[in-house]
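Everything in the sequence shown is counted per the UniProt record's numbering, starting at 1 for the first residue and increasing by one. No residue lacks a Cβ here, since even glycine has one placed at the ideal position from N, Cα and C. As the structure is a computational prediction, the values presented were derived from the model and not from experiment.
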Amino acid sequence: MQKQLPDVPLRDSSTNWVAPLSSEVFGHQHQTWSCPFLARQLTLAIPIIAAILFFFVMSCLLQTSFTDPGILPRATVCEAAALEKQIDNTGSSTYRPPPRTREVMINGQMVKLKYCFTCKMFRPPRTSHCSVCDNCVERFDHHCPWVGNCVGRRNYRFFYAFILSLSFLTAFIFACVVTHLTLRSQGSNFLSTLKETPASVLELVICFFSIWSILGLSGFHTYLVASNLTTNEDIKGSWSSKRGGEASVNPYSHKSVVTNCCAVLCGPLPPSLIDRRGFVQPDTVLPSPVRSNEPTHGAKPDASMVGGYP
């Protein structure tokens, strides 16, 4: 059955250009000021390594930004009506909204599936609705404003490669700048060297304050990859005691760090479910059925009718 195309939003231009532009300026500044001196004094391999790392970082950044993260098409009006009627199996004339959750068994662990009132479907396991993109995303990790896209099942490997390579690039530039200032200050005053190379000083300050956050982010996502977790699951404490109850076992973990890493980063890339050549049909509100004036005998109010969104 053909699905209604999701409303794929335009990228936030106020933040989407920040990451590539800052990386471009930073890399160009390093290649202009530090690399020529180090190539003459040490080896020509330094600017070559810096260029390779820079282009790899930019490639991963663009792949993360422009790859479909795993958006699920919304249910059509007919599909949504059929699902709600299927759930309302009491045979009464009343028309109730679907319950909030369903339960499925995954590797011996009960997992709740929430109903998305925006996309009009039960979300598959590990799927969450992004409030920024307004779409349900498979294996939703988080929405990254710096790349202007959600990070999900189809682009997480590119995001992880981006932050990991950015960590190596930042550490490499930091080491090169320190070496540059050390060599130039030999036989002269160190303060005068700083005055002669203000761009290198700026690079050193930027690297020093950014390397800690980048390394911390890389370490955090390395832990998530090794555990086969997502940022969304870790924050919510889905498989830990953060909710105040007993800790439950992660049903998606393969009980091996190597296997988890291969499953997250090296598995086959699923096809995109978005037809980018198609036309988005506007959302149609289902007409409210006629409710019975007389209450059903013995009927009790449904707790799932309280509130709007899961």
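#1: Are the CB atoms of residue 152 and residue 137 within a distance shorter than 7 angstroms?
#2: Using only the alpha-carbon positions, how far apart do residue 85 and residue 65 sit?
#3: Going by DSSP, what residues sit across from residue 122 in a beta bridge?
#4: Out of 204, 166, 148 and 167, point me to the one whose CA is closest to residue 180's CA.
#5: Give a yes or no on whether the C-beta atoms belonging to residue 113 and residue 100 are separated by under 7 angstroms.
#6: Rounded to whole angstroms, how far is the Cβ of residue 74 from the Cβ of residue 35, which I believe are closer than 8 angstroms?
#7: Determine the direct distance from the alpha carbon of residue 57 to that of residue 210, and round the result to whole angstroms.
#8: With a threshold of 8 angstroms, are at least 3 pairs of Cβ atoms found where one atom belongs to the segment 186–194 and the other to the segment 38–56?
#9: Select from 266, 277 and 276 the residue whose C-alpha is nearest the C-alpha of residue 154.
#10: Tell me the rounded alpha-carbon separation between residue 221 and residue 206.
#11: Assuming residue 101 is part of the alpha helix (DSSP H), what are its boundary residues?
#12: From residue 38 to residue 161, what distance separates their C-alpha atoms?
#13: Can you name the residues that DSSP bridges to residue 248?
#14: Quick check: residue 226 and residue 260, are their CB atoms within less than 7 angstroms of each other?
#15: Which term fits residue 269, buried or exposed, when burial requires 16 or more other beta carbons within 10 angstroms of its beta carbon?
#16: What's the C-alpha gap between residue 129 and residue 139?
#17: Which term fits residue 148, buried or exposed, when burial requires 16 or more other beta carbons within 10 angstroms of its beta carbon?
#18: Can you grab the Cα-Cα spacing for the pair residue 63 / residue 159, in whole Å?
#19: If you draw a straight line from the C-alpha of residue 69 to the C-alpha of residue 183, how long is it?
Considering the structure as presented:
#1: Sequence index remark: in the sequence shown, residue 137 carries index 137 (1-based). Sequence index remark: in the sequence shown, residue 152 carries index 152 (1-based). Yes, these two residues count as a Cβ contact at 7 angstroms.
#2: On the sequence shown, position 85 is the one that residue 85 refers to. On the sequence shown, position 65 is the one that residue 65 refers to. Approximately 39 angstroms between the Cα atoms of the pair.
#3: Working through the sequence shown from its first residue, we reach residue 122 at position 122. In DSSP, residue 122 forms a bridge with 115.
#4: Taking the first residue of the sequence shown as 1, we reach residue 180 at position 180. Comparing Cα positions, the closest option is 204.
#5: Translated into positions along the sequence shown, residue 113 becomes position 113. Translated into positions along the sequence shown, residue 100 becomes position 100. Against a cut-off of 7 angstroms, the Cβ pair of residue 100 and residue 113 comes out as no contact.
#6: Locating residue 74 in the sequence shown gives position 74, counting from the first residue. Locating residue 35 in the sequence shown gives position 35, counting from the first residue. With 8 angstroms as the limit, residue 74 and residue 35 do not qualify as a contact, their Cβ atoms being about 50 angstroms apart.
#7: What you label residue 210 is simply residue 210 of the sequence shown in a count that begins at 1. What you label residue 57 is simply residue 57 of the sequence shown in a count that begins at 1. Rounded to the nearest angstrom, the two C-alpha atoms are 15 angstroms apart.
#8: no
#9: Taking the sequence shown and counting its residues from 1, one reaches residue 154 at position 154. Residue 266 is the option with its Cα nearest to residue 154.
#10: As a position in the sequence shown, residue 221 is number 221, starting the count at 1. As a position in the sequence shown, residue 206 is number 206, starting the count at 1. Straight-line Cα distance between these residues: approximately 23 angstroms.
#11: Your numbering for residue 101 matches position 101 in the sequence shown. It is not in any alpha helix (DSSP H) - residue 101 instead sits in the beta strand (DSSP E) that spans 101–106.
#12: As a working mapping, residue 38 is identified with position 38 in the sequence shown. As a working mapping, residue 161 is identified with position 161 in the sequence shown. Going from the Cα of residue 38 to the Cα of residue 161 covers about 27 angstroms.
#13: Residue mapping note: residue 248 aligns to position 248 of the sequence shown, counting from 1. None; residue 248 has no bridge partner.
#14: Walking along the sequence shown from the start, residue 226 turns up at place 226. Walking along the sequence shown from the start, residue 260 turns up at place 260. Cβ atoms of residue 226 and residue 260: closer than 7 angstroms.
#15: The sequence position of residue 269 within the sequence shown is 269, counting from 1. Residue 269 should be labelled exposed.
#16: Looking up residue 129 in the sequence shown gives position 129. Looking up residue 139 in the sequence shown gives position 139. Cα to Cα, residue 129 sits roughly 10 angstroms from residue 139.
#17: If you number the sequence shown from 1, residue 148 lands on position 148. Answer is buried; the Cβ neighbour count reaches 16.
#18: On the sequence shown, position 63 is the one that residue 63 refers to. On the sequence shown, position 159 is the one that residue 159 refers to. Those two C-alpha atoms are separated by around 8 angstroms.
#19: Taking the first residue of the sequence shown as 1, we reach residue 69 at position 69. Taking the first residue of the sequence shown as 1, we reach residue 183 at position 183. Distance between the alpha carbons of residue 69 and residue 183 is about 46 angstroms.
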